[in-house]
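Student: My questions will all concern the structure given below.
Number of protein chains: 2
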Amino acid sequence: MEPQQPWDDSVAFSLVRLGAVAHRRYAELLSDLGLRPRQVGVLEQLRAGPMSQLELATTLGVTPSVVVDMVDELERLEAVRRVRDTVDRRRSNLELTDRGRELGRSTREVAAGLDEELLAGIDPDHARTLRAVLRRMLPPRGLRQEA
Amino acid sequence: MEPQQPWDDSVAFSLVRLGAVAHRRYAELLSDLGLRPRQVGVLEQLRAGPMSQLELATTLGVTPSVVVDMVDELERLEAVRRVRDTVDRRRSNLELTDRGRELGRSTREVAAGLDEELLAGIDPDHARTLRAVLRRMLPPRGLRQEA
DNA sequence: TCCCTATCGTTCGGATGCCGAACGATGCCG
DNA sequence: CGGCATCGTTCGGCATCCGAACGATAGGGA
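Residue numbers (this note's numbering), protein chains in the order written: chain A, 56 to 202; chain W, 56 to 202.
Okay, here's the thing in structure tokens:
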């Protein structure tokens with residue numbers, strides 16, 4: 056029975072704490088653009104092309120009802136458009152507008168700036184390792200295996 | 056104008072995402088003990104000795120009303136005791152019970168297990184670097200500078 | 001001694017973010 | 001045509017946090 060490390064020393068703790076810090080800070084920076092963190096996922100996903108709301112929901116790992124709210128706000132900002140699918144009129148294909156693409160660019164600048172904030176005073180070699188390791192630890196996007 | 060990295064490639068994104076993942080998983084593991092993640096902070100802080108609820112609030116970075124709920128549940132689990140300060144009867148000094156110390160040990164085991172889960176397949180050298188870098192990035196506990 | 005004010009814990013209402021059930025509109029297939 | 005599935009939407013609920021207000025208690029000055 057070795058001496059136990061306090062919870063503070065666990066990687067899990069650091070991730071939970073830093074995740075919360077990064078989220079709060081990101082939300083703060085995004086508010087200048089009139090965006091919330093969760094909208095960024097929408098803008099990112101739509102870069103590859105139009106997508107139905109249900110596809111978006113599964114990709115982002117949220118329920119369809121959450122997508123409704125996210126898209127409502129983005130439509131109010133004229134960043135995305137809901138376009139009824141002509142062949143299956145139940146589907147709304149979401150399209151990025153020019154404004155949406157511009158907002159997307161801004162969010163990526165914000166993210167880059169936040170990375171600089173977070174990595175200030177971190178050895179560049181370590182920062183590279185960090186980036187790589189975090190990517191490896193991240194479960195593949197959009198796969199929500201429930202119990 | 057260099058090509059912008061998508062949000063997915065930012066350290067901030069990885070931290071937010073992994074933080075959420077770790078939090079969910081930690082909550083899941085803790086539920087076997089009848090605990091929530093936020094209670095663990097209380098158990099950890101009280102290891103050093105008794106503490107008033109207000110001290111705990113500032114240390115954990117939450118409002119006093121949140122502490123009330125956290126302590127209510129921990130008292131129901133008989134993990135902590137509220138002891139009226141005899142010299143200043145407004146204060147409740149929170150004390151860890153034996154059951155509380157035992158629960159604390161269990162939570163540290165859970166955290167260690169979660170770390171193993173999260174670091175599975177990660178090079179041990181990289182894992183060490185990760186731990187060190189995350190600790191450095193973490194802002195000092197209990198310092199909530201508001202605007 | 002007696003107020004006046006500050007502090008501690010508590011209660012309550014509100015904001016936020018997410019889920020799940022139910023429902024209308026629409027599509028599909030026998 | 002009729003029954004069933006699917007998409008988007010609405011609604012209520014749950015969890016977590018905050019901030020305002022309040023009672024109990026403390027402390028200092030007239």
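Idealized CB from N, CA, C, for every residue including glycine.
1) Determine the direct distance from the alpha carbon of W:G104 to that of W:R156, and round the result to whole angstroms.
2) For A:R72, return the contacting residues in chain W, with the cut-off set at a CB-CB distance below 7 Å.
3) Using CA coordinates, which residue listed in W:D143, W:L149, W:E133 is at the minimum distance from W:V122?
4) Identify the continuous alpha helix (DSSP H) that holds W:V135 and give its terminal residues.
5) Going along the chain, which unbroken runs of the alpha helix (DSSP H) with 4 or more residues stay wholly within the region 138-181 of chain A?
6) Start and end of the alpha helix (DSSP H) containing W:V121?
7) May I ask you to list the residues that DSSP assigns as paired with W:S107?
8) Just to confirm, are A:D170 and W:S69 a CB contact at a threshold of 7 Å?
9) What would DSSP say about W:S237, mapped onto helix, strand or coil?
10) Quick one, which residues of the region 132-164 of chain A are near chain W if we go by CB-CB under 8 Å, in chain order?
11) Can you give the beta carbon distance from W:P119 to W:Q108, rounded, assuming they're within the 8 Å contact cut?
12) By the 9 Å beta-carbon criterion, what residues does the region 87-100 of chain A contribute toward chain W?
13) Any beta-carbon of chain A closer than 7 Å to the one on W:T184?
14) DSSP three-state label for W:D87, please.
15) Determine whether the Cβ of W:S120 lies closer than 7 Å to any Cβ atom of chain A.
16) Using 10 angstroms around the beta-carbon of W:L83, count the other beta-carbons present and answer buried if the total reaches 16, otherwise exposed.
17) Where do the N-terminal and C-terminal ends of the alpha helix (DSSP H) with A:L101 fall, by residue?
18) What do you get for A:S147, buried or exposed, if any count of 16 or more other CB atoms within 10 angstroms of its CB means buried?
19) List, in chain order, every chain W residue whose beta-carbon is nearer than 7 Å to that of A:L229.
20) Could one say the Cβ of W:P61 lies closer than 7 Å to chain A's Cβ atoms, at least one of them?
21) With distances taken from CA atoms, which of A:L111, A:L115, A:R160, A:T162 is nearest A:T137?
22) Roughly how many angstroms lie between the CA atoms of W:T113 and A:D124, to the nearest whole one?
23) Of all Cβ atoms in chain A, is any one closer than 7 Å to the Cβ of W:A84?
24) If you measure between the beta carbons of A:L174 and A:A182, is that distance less than 7 Å?
25) For A:Q100, collect the residues of the same chain with a Cβ closer than 8 Å to its Cβ; drop the 5 residues on either side in sequence, then sort them by chain order.
26) Which bits of chain W does A:L174 rub up against, with CB to CB less than 7 Å?
Tutor: In short, the structure shows the following:
1) 11 Å
2) L193
3) Answer by Cα proximity: W:L149.
4) Taken as a continuous stretch (DSSP letters only), W:V135 belongs to no alpha helix (DSSP H), being part of the beta strand (DSSP E) at 135-139.
5) 153-174
6) 119-131
7) Under DSSP, the beta-bridge partners assigned to W:S107 are W:N148.
8) no
9) Residue 237 of chain W lies beyond the stretch modelled for chain W, which goes from 56 to 202, so this question has no answer here.
10) R160, T162, R163, E164
11) 6 Å
12) Within the region 87-100 of chain A, the residues whose Cβ lies closer than 9 Å to any Cβ of chain W are, in chain order, P92, V95, G96, L98, E99.
13) yes
14) helix
15) no
16) It should be pointed out that residue 83 of chain W corresponds to Glu in this sequence rather than to Leu. The residue in question, W:E83, is exposed, as its Cβ has fewer than 16 Cβ neighbours within 10 Å.
17) 92-101
18) buried
19) No information on residue 229 of chain A is available, as it lies outside the stretch 56 to 202 that chain A covers here.
20) yes
21) Note that residue 137 of chain A is Arg in the sequence shown, not Thr. Comparing Cα positions, the closest option is A:L111.
22) 34 Å
23) Before going on, a small fix: residue 84 of chain W reads as Leu here, not Ala. So, not an interface residue.
24) Result yes, Cβ atoms of A:L174 and A:A182 sit closer than 7 Å.
25) M106, L111, T114, L115
26) V66
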